[in-house]
Each structure stands twice: as C-alpha cells, then as structure tokens.
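Just so we're aligned, residue 88 is where the sequence shown starts under the working numbering, counting upward by one. For each residue, glycine too, the CB sits at the ideal point set by N, CA and C. Since the structure comes first, as structure tokens, the remarks are kept for the end.
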Amino acid sequence: MRYGIVLFTSDRGISPAAAAQAAEEAGFATFYVPEHTHIPIRRDAPHPRTGDSSLPDDRYLRTLDPWVALASAVPVTSTIRLATAVALPVESDPITLAKTVATLDHLSGGRVTLGVGFGWNTDELADHGVPGKRRRTALREYLEAMRALWTEEEASYSGEFVEFGPSWAWPKPVQPKVPVVVGAGGNERTFRWIARHGDGWLTTPAEGDITEKVAQLREIWREEGREGEPEVIALGPRPDPEGLAKLEEAGVTEVVFGLPDRSAGEVEAWLDRLAGKLGQLAGA
88 MRYGIVLFTS DRGISPAAAA QAAEEAGFAT FYVPEHTHIP IRRDAPHPRT GDSSLPDDRY
148 LRTLDPWVAL ASAVPVTSTI RLATAVALPV ESDPITLAKT VATLDHLSGG RVTLGVGFGW
208 NTDELADHGV PGKRRRTALR EYLEAMRALW TEEEASYSGE FVEFGPSWAW PKPVQPKVPV
268 VVGAGGNERT FRWIARHGDG WLTTPAEGDI TEKVAQLREI WREEGREGEP EVIALGPRPD
328 PEGLAKLEEA GVTEVVFGLP DRSAGEVEAW LDRLAGKLGQ LAGA
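Below you can see the structure in the form of structure tokens.
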C-alpha cells in the first residue's frame, strides 16, 4: 500500500513546488492538488460536509490552478506522481485540457494521475455551461474525447457536449494510458461508472469504513469485464496501525494524508514526522 499527500493549494502557505519536493524527499508516492475555478457567492448546491451553502474551508475561494501548480513541481521532483484530487474537467475546454495533461505528462516523464470529480458545486458547473443533471454524461464525453486525442494519430469525437473533426494533437502522454481515478461517494451508481469509464476510486473524507464498499466495487469491476483490480485511494485517515492495516486488508492501494495550511518550514517538519511514523508502522 502506497502513501500520498494532498495539498489544498491556496495563495498562502507553502508553495506546491516546495510541498511536492518535500513529499518526494520524505518518501511519499503521490502529490495531489484540487481544483475550483471559482465559487459563486449565491449557491443552491449544498457542500457535502456542511449540508448547506457554507464552506468548511476558505481555501475553496483561493484554490490555485491545478495544472500550473503541478507543472511548478516538475523541475524540483523526479519520482513522485503528480495528481489531482480532484480536477473538474468539464470546467475546461476538452481539447485544451487534453493538451495540458499530455504536456504535463510529457514534461514529467510520465508521472500524471488524473483524479476527476463530477462536481458537487452545480452552481459552479452552471457558470461553465454544464447542467448539473448532465454532469456525469459530460465527464464521460470529456474523458473519451481526451483519450482519443492522447492515443490516436487522427482523433475525432462526436457527442452531446464535445464535438470535433479529425485532428492532430501532440505531444502524446508518455504513459500508454493516463490513469483516471474518480473522487465521489461510494455507491453502486458511482462504482458502475468507474468500472465503465475509470481506473479506480478516490474516496471522500466522510466515507468511514469502506471495507464493504471496496468489495462492491471489485464485484462490479468483474461484472463489467475489467481485468485486474481497481485502484482504491483513501483520503483523510489517521496514521494509526490498526486503521491502516484494515485499509490494506480491504484492498486500498494508496492512503492520502492532507497537509496542514502552514508555512513551508512547518509543513516540511510535519511531513518528516508523518514519514517517520509510517516508517515505524511498516517496521513493526
């Protein structure tokens, strides 16, 4: 089981480049950042954790662009994977986003993992012209279109939200397949979508015990004719021996810990302490 780090980026505290570099030096496998283009002040969509229009963290208002943030980490890292938790592809032009992701994968030597979400903030999606009730269809089309651009010499796509004729687009990603993990609540509908269109599940912080949910995902994975096992990435647990052992036994492939909103020196010291604790658990 791997360990990763997520930084809720903002215009204060440690920079993404410094955080990614420190995480790599501490031995972590993946560095994640989130995405929100903007937060409409007046909203009908409740936040999943608060249940109303209030936000649990003011960094939602201050989130850095994820692709610029991850690109800044490329020259100061060499092994850590660069990922989103989660990006909102339907808030970008799919042709442009395909180019951005492919370029990041090219420049990083094949280290990109694309974590995507359907988007809880339907008011935010609406400002990008995406109807909330059609966001799953829109995301499916975006991923299909981007994969065509990443893999085909002459790519084209025709759908409800994306359409373009035969086109050339380079660079292609270094990886034969850019991994796509879906961050969403664990239920049959989500797992069916993942098995058909993704490569794994990124849990939400409020999931609780996910043992039965992972088993359900694996069963649906097999029903849909997928080979191997899905990636399962767990967000937000504490680094205690019993909890981590239970996650690994359930089939979790990576556990991701959130960085505190503090200065570079404080975050680096926090990472060192966490890495030391995880190392002690592994040794035990």
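Per DSSP, the beta bridge partners of W288 are V269, V319.
Secondary structure at E250: strand, using DSSP grouped into helix, strand and coil.
Taking 8 Å as the cut-off, the Cβ atoms of G287 and I320 count as close. The distance from the Cβ of L151 to that of T187 is about 14 Å, inconsistent with a contact at the 8 Å cut-off. Boundaries of the beta strand (DSSP E) harbouring R168: 168-171, taken from the DSSP string. In this chain, A242 is not harboured by any alpha helix (DSSP H); it is covered by the beta strand (DSSP E) spanning 242-245. In the structure shown, T124 falls within a coil segment according to DSSP collapsed to helix, strand and coil. If you draw a straight line from the Cα of V93 to the Cα of W257, it comes to about 29 Å. E239 and L368 have their alpha carbons spaced roughly 45 Å apart. A Cβ-Cβ separation of about 6 Å places G91 in contact with A116 under the 8 Å criterion.
Exclusion of the five residues before and after T171 leaves Y119, V120, P121, E122, P153, L157, T200, L201, G202, V203 as the residues of its chain whose Cβ lies within less than 8 Å of its Cβ. Looking at the DSSP output, Y90 bridges to V342.
Counting only residues of its own chain and dropping the five nearest sequence neighbours on each side, Q262 has a CB closer than 8 Å to the CB of D192, G197, V199.
Residue burial is scored here from C-beta neighbours: K300 has at least 16 other C-beta atoms within 10 angstroms and is therefore classed as buried. With a cutoff of 8 Å on beta-carbon distance, V269 and W255 are scored as not near each other. Only residues of its own chain outside the window of five on either side were considered, and among them I182, S243, Y244 have a CB closer than 7 Å to the CB of F251, listed in chain order.
Excluding sequence positions up to five before and after E111, its CB lies within less than 7 Å of the CB of T164, T166, I167, all in the same chain and listed in chain order.
The Cβ atoms of K259 and A185 lie no closer than 8 Å to each other. Put simply, the backbone Cα of E353 is about 27 Å away from that of T290.
The three-state reading of DSSP puts V163 in helix, counting H, G and I together. With fewer than 16 other Cβ atoms inside 10 Å of its own Cβ, R276 counts as exposed. With fewer than 16 other Cβ atoms from the protein chains shown falling within 10 Å of its own Cβ, S141 counts as exposed.
Rounded to the nearest whole angstrom, the CA to CA distance from G100 to R146 is 11 Å. Straight-line spacing of the CA atoms in D210 and A105 works out to 33 Å. Across the structure, E355 and L365 are spaced so that their CA atoms are roughly 15 Å apart. In the three-state reduction of the DSSP assignment, L365 falls in the helix class. Distance from the Cα of P176 is smallest, within the candidate group R227, S159, P133, P135, for R227. Beyond the five residues adjoining it in sequence on each side, E318 comes within less than 8 Å, by CB distance, of P266, V268, D286, G287, W288, T340, E341 in the same chain, given in chain order. Straight through space, the alpha carbons of F205 and R223 are spaced by roughly 6 Å.
Measuring C-alpha to C-alpha distances from D98 to each of L148, A107, P328 identifies L148 as the nearest.
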